[in-house]
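Report on the following structure.
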Amino acid sequence: MVPLTYDRLCAEIETRTRAVIAVVEHADLTASVPSCPGWDLGHLLQHIGGVHRWMAEIVGTRATAPIDGEFVDDPTASRIDPGELVPWLHDGAAKLTATLRAADPDIAVWSPGPAGTPRFWARRAMLETALHGCDAAEAVGADMQLPPELAADGFEEWLDNASVPEAYESRPDLPDLLGPGRGLVFDATETFGTAGPTVVPTSPNVADPASTAATSSATSPDSDPTGTAPSNTAEPVGVTGDIGSWVVDLGGQAATWRRGTGPGSVWVGGAVADLLLYVYRRPHGALRLTGDIELLELWRTRAGFWLNA
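Sequential numbering of the sequence shown, starting at -10, is according to our numbering.
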């Protein structure tokens, strides 16, 4: 998989915004958004447009510290006239895209994590808009397809953010994530081979993974992924995905990830868009998994502490 270029990221911000507008333009803006509790469609649009303007100000002013942004944290505080909301949303995306394109993609600007640059914000804006497009589509009963290369880039952004040390600090209220031999293997693929991955269960409560695959419907973001688990093989090789495969190593003193396959405590396979929606706790299509499901869920919870999309 080739990472998305800066130009592609900038272009996709407007493309994804147009996709949101196409979904909501004739919808009831008071309809609730299930994936964003307490928000209706109007609030969601205000949040997207507010985030675009906030990011544009960060990049445009070369901010070195956090700045306030209207509708970023609380889009329910006030209302934009419904008749003005769609053009306002379009204008915000255009402003952000123009600001990003005028900037050196690798200059230093403030961000909530390390290595803040316009490139960081272009990637974040693209994914935030794409995910909230899925939220809007769910609210109106429509379907929003994410291009696989966008979903793969978004999944790798999750892995980047999920590897910061704060996610793995010991907490008295939660089990530790890091431990010898622990790892997660993700395969992004629409079709599965007959050979399965090597999975080494690390939880004493998990039986042979070949006989304990989750089989629920996976229509809820918090339901177990579904499908029939592939059988184990003797070699440490996972099924190679059409888009890509990733290994998250939890066996050292810090979490790391890499592209590729290998042994792990748990294996998860499915379309890359569904992998992305799964880690963001959005409704997703069927996934297949085997191994230490408790570790997978603990990782998704602990490693997602930074999440604000």
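Positions of the beta carbon are idealized from the N, C-alpha and C atoms, including for glycine.
Check	Outcome
Opposite G172 in the DSSP bridges: which residues?	D238
Closest to C(-1) by C-alpha separation, out of G39, A87 and R248, would be which residue?	A87
Are the beta-carbon atoms belonging to L287 and W256 less than 8 Å from one another?	no
Given this structure, state the Cα-to-Cα distance separating E73 from T65, to the nearest angstrom.	16 Å
Where S21 and L285 are concerned, what is the direct C-alpha to C-alpha distance, given to the nearest angstrom?	30 Å
Could you tell me if T178 is buried or exposed, where buried requires 16 or more neighbouring beta carbons within 10 angstroms of its beta carbon?	buried
Using a Cβ-Cβ cutoff of less than 6 Å, which residues in the same chain neighbour P107 once the five nearest sequence positions on both sides are dropped?	V48, L89, A92 and P94
Quick check: the Cα distance between P(-8) and V237, rounded to an integer number of angstroms?	18 Å
What does the alpha-carbon distance come out to for the pair P76 and F60?	16 Å
Looking at C-alpha atoms only, which residue of L139, W28 and L239 is the closest neighbour of I232?	L139
Once you ignore the five residues that flank G143 on each side, which residues in its own chain have a CB closer than 6 Å to its CB?	L116 and L265
Per DSSP, what kind of secondary structure is G280 in: helix, strand or coil?	strand
Under a three-way DSSP split, which group does A177 fall into?	strand
What does DSSP give as the partner residue(s) for H4 in the beta ladder?	Rather than His, the amino acid found at residue 4 in this sequence is Thr. DSSP output for T4 lists no bridge partner at all.
On a CA-only basis, which of D57, I37 and H36 is nearest E46? Give me that one, please.	D57
How many Å lie between T290 and S67 at the Cα?	31 Å
Report yes if the C-beta distance between V268 and A141 is below 8 Å; otherwise report no.	no
For H125 and G27, what's the separation of their Cα atoms in angstroms?	The question names His, but residue 125 is Ala in the sequence shown. C-alpha separation (whole angstroms): 14 Å.
Below 8 Å CB to CB, which residues in the same chain sit around Q134 once its five sequence neighbours on both sides are set aside?	A262
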